[in-house]
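**Q**
There are 2 protein chains.
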Amino acid sequence: MNLLLLETDDFVSVDEVVLQGRRLQHLNEVHRATQGDTLRVGQVNGRMGKGQVIEINDRHARLSVSLDQLPPPKLPLALILALPRPKMLRRILQNVAAMGVPRLILLNSYRVEKSFWQTPFLEPDATREQLLLGLEQGRDTVLPEIIIEQRFKPFAEDRLPELTCETLGLVGHPGPYAACPRAVTGPVTLAIGPEGGWIPYEIEKLQEAGLQPVQLGERILRVENAVTALLARLF
Amino acid sequence: MNLLLLETDDFVSVDEVVLQGRRLQHLNEVHRATQGDTLRVGQVNGRMGKGQVIEINDRHARLSVSLDQLPPPKLPLALILALPRPKMLRRILQNVAAMGVPRLILLNSYRVEKSFWQTPFLEPDATREQLLLGLEQGRDTVLPEIIIEQRFKPFAEDRLPELTCETLGLVGHPGPYAACPRAVTGPVTLAIGPEGGWIPYEIEKLQEAGLQPVQLGERILRVENAVTALLARLF
Numbered sequence: 000m001n002l003l004l005l006e007t008d009d010f011v012s013v014d015e016v017v018l019q020g021r022r023l024q025h026l027n028e029v030h031r032a033t034q035g036d037t038l039r040v041g042q043v044n045g046r047m048g049k050g051q052v053i054e055i056n057d058r059h060a061r062l063s064v065s066l067d068q069l070p071p072p073k074l075p076l077a078l079i080l081a082l083p084r085p086k087m088l089r090r091i092l093q094n095v096a097a098m099g100v101p102r103l104i105l106l107n108s109y110r111v112e113k114s115f116w117q118t119p120f121l122e123p124d125a126t127r128e129q130l131l132l133g134l135e136q137g138r139d140t141v142l143p144e145i146i147i148e149q150r151f152k153p154f155a156e157d158r159l160p161e162l163t164c165e166t167l168g169l170v171g172h173p174g175p176y177a178a179c180p181r182a183v184t185g186p187v188t189l190a191i192g193p194e195g196g197w198i199p200y201e202i203e204k205l206q207e208a209g210l211q212p213v214q215l216g217e218r219i220l221r222v223e224n225a226v227t228a229l230l231a232r233l234f
Numbered sequence: 000m001n002l003l004l005l006e007t008d009d010f011v012s013v014d015e016v017v018l019q020g021r022r023l024q025h026l027n028e029v030h031r032a033t034q035g036d037t038l039r040v041g042q043v044n045g046r047m048g049k050g051q052v053i054e055i056n057d058r059h060a061r062l063s064v065s066l067d068q069l070p071p072p073k074l075p076l077a078l079i080l081a082l083p084r085p086k087m088l089r090r091i092l093q094n095v096a097a098m099g100v101p102r103l104i105l106l107n108s109y110r111v112e113k114s115f116w117q118t119p120f121l122e123p124d125a126t127r128e129q130l131l132l133g134l135e136q137g138r139d140t141v142l143p144e145i146i147i148e149q150r151f152k153p154f155a156e157d158r159l160p161e162l163t164c165e166t167l168g169l170v171g172h173p174g175p176y177a178a179c180p181r182a183v184t185g186p187v188t189l190a191i192g193p194e195g196g197w198i199p200y201e202i203e204k205l206q207e208a209g210l211q212p213v214q215l216g217e218r219i220l221r222v223e224n225a226v227t228a229l230l231a232r233l234f
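Protein chains in written order, with numbering that gives the first Met the number 0: chain A, 0 to 234; chain B, 0 to 234.
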């Protein structure tokens with residue numbers, strides 16, 4: 000991890016934390032932290048700064064922390080993703096948090112297998128865990144908002160037009176469309192389909208709601224790869 | 000898979016193939032192909048076209064094929080990657096093949112764990128298998144060239160300067176460097192470090208060989224994500 004994330008419960012006083020579990024293990028085994036070492040730390044949904052190891056052993060670590068920096072700005076983006084298969088979902092949640100996406104909407108689509116909605120990886124605790132890993136990777140503290148939309152039509156008809164309003168609305172889709180724009184400056188609403196792509200009805204509905212189809216060339220990328228490629232190109 | 004890749008051994012006549020194993024299973028279980036169905040096919044390192052199912056059952060599939068299209072152009076790129084951990088290596092090989100990288104050099108670095116070089120995933124058969132999965136995903140037939148460079152210094156001093164010559168030489172590295180350029184047109188040599196980054200000595204050597212450090216912003220991406228992001232931005 001490139002940033003040690005602190006939860007409210009870790010604080011034993013205003014500037015001191017005690018850590019156990021996964022983060023303690025990481026400090027011991029990967030950082031091989033010893034007394035006096037200084038680390039980058041951040042408070043979940045709060046500021047970032049430095050932490051100094053006061054005491055560390057195999058039961059707990061005690062750090063003195065000073066949080067005086069703002070986390071990096073988020074991308075001006077709402078990302079809509081057809082729910083990916085559970086294993087890929089976990090990596091995408093990490094990537095999305097690491098890259099600075101502030102809001103992720105997981106949407107149903109004709110080509111999303113019904114069983115994907117049953118995965119325990121969609122539980123709030125499970126998504127939070129993956130998002131935290133991504134924030135630790137990307138050095139950010141602010142958890143993205145995750146919105147679950149299990150019905151395509153009411154989302155596309157009733158809520159999407161408002162979301163898209165005054166943003167550049169795009170839907171990534173292979174086909175004879177314009178190339179995805181580069182280095183945009185304003186806010187973007189971007190939708191990315193499932194493996195196999197959106198069906199024509201869905202593309203039509205997304206277009207009606209203000210998203211224009213754009214493509215990334217003739218090569219078809221896996222969804223997690225397409226997410227990264229589109230964000231890197233847009234921002 | 001978005002393209003059914005055919006090996007020389009699959010051909011029973013000039014325009015007919017018989018398939019078994021993984022691809023047969025995929026045809027049966029994912030495509031649910033039946034007699035008369037037409038699929039995109041390509042010959043490994045050859046042309047692409049259409050295949051029509053003549054016969055399919057749970058023992059084999061017989062297709063009549065017509066190969067009349069060239070595969071998509073590759074990126075004008077030599078990609079140098081500090082050897083990633085085995086699990087990530089597999090995904091990176093797939094991504095690299097899907098995105099059209101023609102040449103991948105896997106290089107040692109101070110922060111590459113020695114054990115990574117022992118992985119069976121580096122064996123030619125194993126890398127070929129992952130590259131084929133990537134080509135099937137990205138709809139390409141031409142296997143990227145994989146070069147193994149297990150010693151950093153002789154590679155950086157003796158072979159890299161020639162490789163970099165008359166290309167835009169870049170090394171992705173977090174720090175106070177220029178932002179990675181966008182939408183370049185000429186050939187590029189791009190080096191991407193291990194988790195934890197190149198050490199200063201390595202950056203110095205890469206610079207001497209003609210690679211200039213560029214960064215992608217203050218967020219630190221996992222290597223596989225950085226590869227995709229840098230390629231999407233550059234091309």
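Every residue gets a Cβ at the ideal spot worked out from N, C-alpha and C, and that includes glycine. Since the model is a prediction, treat every value here as computed from it, not as a measurement.
1) Less than 7 Å between C-beta atoms, sequence neighbours within five positions excluded: which residues of the same chain meet that for B:S65?
2) Name the DSSP beta bridge partners of A:L3, please?
3) Would B:Q136 pass as an interface residue toward chain A - the criterion being a Cβ-Cβ separation below 7 Å?
4) Quick one: grab the DSSP three-state call for B:F234.
5) According to the Cβ coordinates, are B:R232 and B:C179 closer than 7 Å?
6) Less than 8 Å between C-beta atoms, sequence neighbours within five positions excluded: which residues of the same chain meet that for A:S63?
7) Starting from A:V187, follow the beta strand (DSSP E) in both directions and report where the run begins and ends.
8) What does DSSP give as the partner residues of B:E148 in its beta bridges?
9) Could you tell me which of B:T37, B:L69, B:I191 and B:G209 sits nearest to B:N44, measuring between CA atoms?
10) Is A:K242 helix, strand or coil by DSSP?
11) Any beta carbon from chain A within less than 7 Å of B:G99's own beta carbon?
12) What are the residues in the segment 202-217 of chain B lying within 9 Å of chain A by C-beta distance?
13) Taking DSSP as the reference, what is the three-state secondary structure of A:I198?
14) With a CB to CB cut of under 6 Å and the five nearest residues on each side skipped, what residues in its chain are close to B:R61?
15) Give a yes or no on whether the minimum CB-CB distance between B:P71 and chain A is below 7 Å.
16) What residues from chain B crowd round A:P228, counting only those whose CB sits closer than 7 Å?
17) Please list, in chain order, the chain B residues whose beta carbon lies closer than 8 Å to that of A:V5.
18) Suppose you measure from the CA of B:A77 to the CA of B:V141; what does that come to, to the nearest Å?
19) Here's a check: name, in chain order, each residue in its chain whose Cβ is nearer than 6 Å to the Cβ of B:M87, leaving out the five neighbours to either side.
20) Taking Cβ positions only, does B:I79 come closer than 7 Å to chain A?
21) Could you check what DSSP says for A:G209 in three-state terms: helix, strand or coil?
22) Work out the CA separation of A:Q42 and A:F10 for me, nearest whole Å.
23) Can you name the residues that DSSP bridges to A:M47?
24) Which residues, in chain order, does the segment 153-187 of chain A contribute to contact with chain B at a C-beta distance below 8 Å?
25) Could you have a look at A:Q214 and say whether DSSP puts it in helix, strand or coil?
26) Tell me whether B:V29 is buried or exposed, calling it buried when 16 or more other Cβ atoms sit within 10 Å of its Cβ.
27) Starting from A:E128, trace the alpha helix (DSSP H) both ways and give me its first and last residue.
**A** Based on what the coordinates show:
1) Hits under 7 Å: D14, G48 and K49.
2) For A:L3, the beta-bridge partners assigned by DSSP are A:V40.
3) Residue-level contact check: B:Q136 touches chain A, since one or more beta carbons of chain A fall below 7 Å from its beta carbon.
4) It is coil, neither helix nor strand.
5) Yes; because the gap between Cβ atoms is below 7 Å, this pair is in contact.
6) Excluding sequence neighbours, A:S63 sits near D14, E15, G50, Q51 and I53.
7) Looking at the DSSP string, the run of the beta strand (DSSP E) that includes A:V187 is V187 to I191.
8) When beta bridges are read from the DSSP output, B:E148 appears opposite B:L106.
9) If we check each option's Cα against that of B:N44, B:L69 comes out closest.
10) Since the first and last residues shown for chain A are 0 and 234, residue 242 of chain A lies out of range.
11) Proximity of B:G99 to chain A, defined by a Cβ-Cβ separation below 7 Å, is satisfied.
12) Across the segment 202-217 of chain B, CB contacts with chain A closer than 9 Å involve L215, G216 and E217, in sequence order along the chain.
13) Under the three-state reduction of DSSP output, A:I198 falls in the coil class, being neither helix nor strand.
14) Only V17, I53 and E54 meet the Cβ criterion.
15) For B:P71, the nearest beta carbon of chain A is closer than 7 Å to its own beta carbon.
16) It should be noted that the sequence gives Ala, not Pro, for residue 228 of chain A. Listed along the chain, the chain B residues whose CB falls inside 7 Å of the CB of A:A228 are T227 and A231.
17) For clarity, residue 5 of chain A is Leu in the given sequence; the question names Val instead. Within 8 Å Cβ-Cβ: nothing; A:L5 doesn't reach chain B, min ~18 Å.
18) Here the alpha carbon of B:A77 sits roughly 15 Å from the alpha carbon of B:V141.
19) E223, listed in sequence order.
20) By the rule that beta-carbons nearer than 7 Å mark a contact, B:I79 does not touch chain A.
21) Of the three classes helix, strand and coil, the one that applies to A:G209 here is coil, per DSSP.
22) Their Cα atoms are separated by approximately 10 Å.
23) For A:M47, DSSP records a beta bridge to A:G41 and A:Q68.
24) Taking a C-beta cut-off of 8 Å against chain B, the contacting residues of the segment 153-187 of chain A are R181 and A182, listed in chain order.
25) In this structure, A:Q214 counts as strand in the three-state DSSP scheme.
26) The Cβ neighbour count for B:V29, taken over all protein chains shown within 10 Å, is under 16; the residue is labelled exposed.
27) First-last of the alpha helix (DSSP H) with A:E128: P123 to G137.
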